[in-house]
Amino acid sequence: MKRVYAKEDVCIGCRLCEIACVVEHSESKNAIRTYKTEVPRPVARNVVEERGPLTFSVNCRHCDEPLCVAVCIAGAMVKDEESGVVRHNEEKCVGCWSCVMICPYGVIKMKPAAKKVSKCDLCNGRTMPACVQACPNRAIVYEER
Amino acid sequence: MLYYDQNKNYRDFEVLRDENKCIQCQVCVRQCSYEVHTYDEKHDEVTADQTKCVGCHRCEAFCPTDALKIRKNQSEFRDNALWTPQYLKNIYKQADTGGVLLTGMGNSYPYPVYWDKMLLDASQVTNPSIDPLREPMELRTYLGAKPDAVEVHGGNGHPRLDTSFAPQIPIEYPILFSAMSYGSINLNIHVGLARAAEEMGTLYNTGEGGLHPTLYQYGKNTIVQCASGRFGVHTDYLNAGVAVEIKIGQGAKPGIGGHLPGEKIGPEISLTRMIPEGTDALSPAPHHDIYSIEDLRQLIYALKEATDYKKLVFVKIAAVHNSAAIASGMVRAGADVISLDGFRGGTGAAPTMIRDNVGVPIELALASVDERLRQEGIRNRASLVVAGGIRCSADVVKAIALGADAVYIATAALIAVGCTVCQRCYTGKCPWGIATNDPYLAKRINPEIAHEKLANLIRGWGHEIQEMLGGMGLNALESLRGNREKLRGVGLNETELNILGIKHAGA
Numbered sequence: 000m001k002r003v004y005a006k007e008d009v010c011i012g013c014r015l016c017e018i019a020c021v022v023e024h025s026e027s028k029n030a031i032r033t034y035k036t037e038v039p040r041p042v043a044r045n046v047v048e049e050r051g052p053l054t055f056s057v058n059c060r061h062c063d064e065p066l067c068v069a070v071c072i073a074g075a076m077v078k079d080e081e082s083g084v085v086r087h088n089e090e091k092c093v094g095c096w097s098c099v100m101i102c103p104y105g106v107i108k109m110k111p112a113a114k115k116v117s118k119c120d121l122c123n124g125r126t127m128p129a130c131v132q133a134c135p136n137r138a139i140v141y142e143e144r
Numbered sequence: 000m001l002y003y004d005q006n007k008n009y010r011d012f013e014v015l016r017d018e019n020k021c022i023q024c025q026v027c028v029r030q031c032s033y034e035v036h037t038y039d040e041k042h043d044e045v046t047a048d049q050t051k052c053v054g055c056h057r058c059e060a061f062c063p064t065d066a067l068k069i070r071k072n073q074s075e076f077r078d079n080a081l082w083t084p085q086y087l088k089n090i091y092k093q094a095d096t097g098g099v100l101l102t103g104m105g106n107s108y109p110y111p112v113y114w115d116k117m118l119l120d121a122s123q124v125t126n127p128s129i130d131p132l133r134e135p136m137e138l139r140t141y142l143g144a145k146p147d148a149v150e151v152h153g154g155n156g157h158p159r160l161d162t163s164f165a166p167q168i169p170i171e172y173p174i175l176f177s178a179m180s181y182g183s184i185n186l187n188i189h190v191g192l193a194r195a196a197e198e199m200g201t202l203y204n205t206g207e208g209g210l211h212p213t214l215y216q217y218g219k220n221t222i223v224q225c226a227s228g229r230f231g232v233h234t235d236y237l238n239a240g241v242a243v244e245i246k247i248g249q250g251a252k253p254g255i256g257g258h259l260p261g262e263k264i265g266p267e268i269s270l271t272r273m274i275p276e277g278t279d280a281l282s283p284a285p286h287h288d289i290y291s292i293e294d295l296r297q298l299i300y301a302l303k304e305a306t307d308y309k310k311l312v313f314v315k316i317a318a319v320h321n322s323a324a325i326a327s328g329m330v331r332a333g334a335d336v337i338s339l340d341g342f343r344g345g346t347g348a349a350p351t352m353i354r355d356n357v358g359v360p361i362e363l364a365l366a367s368v369d370e371r372l373r374q375e376g377i378r379n380r381a382s383l384v385v386a387g388g389i390r391c392s393a394d395v396v397k398a399i400a401l402g403a404d405a406v407y408i409a410t411a412a413l414i415a416v417g418c419t420v421c422q423r424c425y426t427g428k429c430p431w432g433i434a435t436n437d438p439y440l441a442k443r444i445n446p447e448i449a450h451e452k453l454a455n456l457i458r459g460w461g462h463e464i465q466e467m468l469g470g471m472g473l474n475a476l477e478s479l480r481g482n483r484e485k486l487r488g489v490g491l492n493e494t495e496l497n498i499l500g501i502k503h504a505g506a
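Read top to bottom, the protein sequences are chains R and W.
If you count the first sequence from 1, position 62 lands on 61 in numbering that gives the first Met the number 0, and the numbers rise without skipping.
If you count the second sequence from 1, position 349 lands on 348 in numbering that gives the first Met the number 0, and the numbers rise without skipping.
Printed below as a string of structure tokens:
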């Protein structure tokens, strides 16, 4: 399946990917409105790791054998066998944070106020995920490997 | 501002942040390497220290909500035609520091730009123009010494060449990437330049910083440079490219050497320059073994000997008052190509006074060098490549018509990969990731993107050159070379017209 991959040698740590993610998952899809008026604001579903000059963006790997699906006590985390996408059903999520703790990549985000988690959905329906399109230096790519 | 020297507040730029649009995302904070923007977590506010802004526009270009504008500081001193704000600020700065004013890029003063005072011809009625989209249009150029005459034997439809030719370098576009050393710019740009040169069938120039081991594969598109510091020069290096360029001078700082500070000599640069890590890389002002044309001849032939007479030797000088006589000597000394760098040529660092007050406009130097070599009957013995302020394809066409074989571009190439000509290259903090080797900043140049943009620039200019040639009824660049009849001057005086060797428009 096509996944989002990071290229750390050209990632410049600008975090425009995070902003694109937030805006894409907002109600208005407008950056200014999203940040200024939406409460609660959607969380970015990727994580930009930084240490010294090394930076890169990670998001859900949509693992072949996803641990988050195995530990989910509510059946909210599901691996879509056809597309390979690991989907999260927020309505079922009970906010137990099991998936947050088990994810080896640390890319499942908590929304404490809502007692729900949030994770990359590969921008459901978008031909190119928002973070990939927003990256100014082609440091995130969406491809089959 | 509190705690600053008063005159620091006479800043050059204003950072205008539209608070209605700013979403406190801090992209500007992370992008500005001069630490203009800071985020105040307590008040969830991004603020700017405007005194630090160099006007590079990186923050503006990256702001996702169009909240930032960089404007010239609107604060005005009392009008004075002599004591303009720039002179005042320079004096304040020097009174504070006692130092030499430094700058980057090329001469920024409003001296005449002769490209803008020359117009090209086009065909109408009596001679047909040519559509380059329908008919072949030859841009290929051969650099190198041409024989005085060509002798053939045979005939009967099978002529054979008796004359042996000096080595020639074919280039598909009359545009080469000018010398920029690894050190002054980073490896990512060098990779981009090398790949673009390979794709477009042209050349790039290593500058005097040596050649990184990963770039030897682009040898057939490489000119290696041998300058006064002789950094990174060894047998493999000299034989790595298709030509060796002896750099005598640079348009941005004629008569001045170079100085890459020790802080910039990291492990990789130390390797290519062949100097210890952390030591200053000092290029002397002159070559200490060249004090005459005869000395130059010795080095030219030493390099030819070292490269088995297979590589061309370029000699590069800054355009100065007596360039024509010097160029004549260079050709007689055995240079295959003369590189002439005009006073608008760029640099990674130069004293401001030198950059802005020394040299000669390239258009005039080019015309006088070409004319002098023709008068002496030695124009065929060397190609002429001009540099320093070539901004567009029309400048290229005008340069060819004035007598150049090809042009060098460097500032234009850097602009293609993002440079905004803020002229702060010497700080090593280039926010565009160009004139820096800081690993965090250098990553901002993705070699893949740089390659595409540089190749696109050459491709675009190539199309335009073909259009202009076709308009003039020419189907080969060779027919335009030194064809000054295709140029007319506008608003030039008699002396300027004479030096350029062109008629005034209307004549």
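We put the beta carbon where it would ideally sit given N, CA and C, even for glycine.
All of these numbers come straight from a predicted model, not from anything done at the bench.
Cut-off 8 Å between Cβ atoms - residues of its own chain near residue i, not counting five sequence neighbours on either side
i: Asp437 of chain W; result: Ser32, Gly427, Lys428
i: Ala409 of chain W; result: Phe176, Ser177, Ala178, Met179, Gly344, Gly345, Ala386
i: Phe12 of chain W; result: Gln49, Cys52, Val53, Gly54, Ile69, Arg70, Lys71, Asn72
Three-state class that DSSP yields for residue i in the structure shown
i: Asn204 of chain W; result: strand
i: Met109 of chain R; result: strand
i: Arg371 of chain W; result: helix
i: Lys78 of chain R; result: strand
i: His87 of chain R; result: strand
i: Leu210 of chain W; result: coil
i: Pro360 of chain W; result: coil
i: Gln123 of chain W; result: coil
i: Thr102 of chain W; result: strand
i: Gly182 of chain W; result: coil
i: Asp340 of chain W; result: strand
i: Glu142 of chain R; result: strand
i: Met0 of chain W; result: coil
i: Tyr172 of chain W; result: coil
i: Ile377 of chain W; result: coil
i: Val223 of chain W; result: strand
i: Arg194 of chain W; result: helix
i: Met467 of chain W; result: helix
i: Val330 of chain W; result: helix
i: His152 of chain W; result: strand
Residues near residue i in its chain [Cβ-Cβ closer than 7 Å; skip 5 each side]
i: Pro158 of chain W; result: Val151
i: Val68 of chain R; result: Met76, Val77, Lys78, Val85
i: Asn8 of chain W; result: Met0, Thr50
i: Asp65 of chain W; result: Lys20
i: Ala43 of chain R; result: Glu17, Cys20, Val21
Cβ neighbours of residue i in the same chain (closer than 6 Å, five flanking residues each side left out)
i: Ala386 of chain W; result: Ser177, Asp340, Gly344, Tyr407
i: Tyr217 of chain W; result: Ala193, Glu197
i: Phe61 of chain W; result: Val26, Gln30
i: His24 of chain R; result: Pro41
i: Leu456 of chain W; result: Ala415
i: Ile90 of chain W; result: none
Integer-rounded CB distance, given that residue j should sit under 8 Å from residue i
i: Leu510 of chain W; j: Asp404 of chain W; result: Residue numbering for chain W in the displayed model covers 0 to 506; residue 510 of chain W lies beyond these limits and cannot be assessed.
i: Tyr141 of chain R; j: Lys28 of chain R; result: Rounded, the Cβ-Cβ distance is 19 Å, inconsistent with contact.
i: Gly191 of chain W; j: Pro166 of chain W; result: With 8 Å as the limit, Gly191 of chain W and Pro166 of chain W do not qualify as a contact, their Cβ atoms being about 27 Å apart.
i: Ala415 of chain W; j: Leu486 of chain W; result: The Cβ separation is near 27 Å, so there is no contact.
i: Pro350 of chain W; j: Tyr110 of chain W; result: Going by Cβ atoms, the distance from Pro350 of chain W to Tyr110 of chain W rounds to 18 Å, so no, they are not a contact pair.
Residue of the options minimising C-alpha distance to residue i
i: Glu463 of chain W; options: W:Lys116, W:Phe164, W:Tyr172; result: W:Tyr172
i: Lys116 of chain W; options: W:Ile501, W:Gly490, W:Cys225, W:Thr494; result: W:Gly490
i: Glu26 of chain R; options: R:Pro41, R:Leu15, R:Glu17, R:Arg14; result: R:Pro41
i: Pro135 of chain R; options: R:Ala5, R:Cys13, R:Met0, R:Gly94; result: R:Cys13
i: Glu40 of chain W; options: W:Gln25, W:Val53, W:Glu34; result: W:Gln25
i: Tyr203 of chain W; options: W:Pro135, W:Phe313, W:Gly500; result: W:Phe313
i: Pro283 of chain W; options: W:Ile264, W:Phe230, W:Leu295; result: W:Phe230
i: Phe55 of chain R; options: R:Thr36, R:Asp8, R:His87, R:Ile72; result: R:Asp8
i: Glu493 of chain W; options: W:Asp235, W:Gln5, W:His503; result: W:His503
i: Arg57 of chain W; options: W:Val232, W:Asp4, W:Leu101, W:Leu440; result: W:Leu440
i: Gln123 of chain W; options: W:Gly472, W:Thr419, W:Glu244, W:Ile444; result: W:Gly472
i: Val396 of chain W; options: W:Ile433, W:Gly461, W:Glu375, W:Asn6; result: W:Gly461
Closer than 8 Å: residue i CB and nearest the ligand SAM heavy atom
i: Ser327 of chain W; result: In the structure shown, the ligand SAM is absent, as is every other ligand, since no ligand is present at all.
Exercise. Fully enclosed by the stretch 387-464 of chain W, which alpha helix (DSSP H) runs are 4 residues long or longer?
Worked result: 392-401, 410-415, 438-441, all fully within the stretch 387-464 of chain W.
Exercise. What are the uninterrupted segments assigned as beta strand (DSSP E) that are 3 or more residues long and contained completely in the stretch 8-76 of chain W, given in chain order?
Worked result: Annotation note: the stretch 8-76 of chain W contains the following uninterrupted beta strand (DSSP E) runs of length 3 or greater, listed N- to C-terminal: 12-16, 36-39, 44-47, 67-71.
Exercise. Mind pulling the beta strand (DSSP E) runs of 3 or more residues that sit fully within the stretch 230-277 of chain W?
Worked result: You should have 242-246, 257-259.
Exercise. Which whole runs of the beta strand (DSSP E) in the stretch 285-319 of chain W are 3 residues long or more, in chain order?
Worked result: For the stretch 285-319 of chain W, whole beta strand (DSSP E) runs of length 3 or above, ordered along the chain, are 311-317.
Problem set entry | Completely contained alpha helix (DSSP H) runs for the stretch 6-53 of chain R, where each covers 4 or more residues | Entirely contained in the stretch 6-53 of chain R, the alpha helix (DSSP H) runs reaching 4 residues are, in chain order, 15-23, 30-36.
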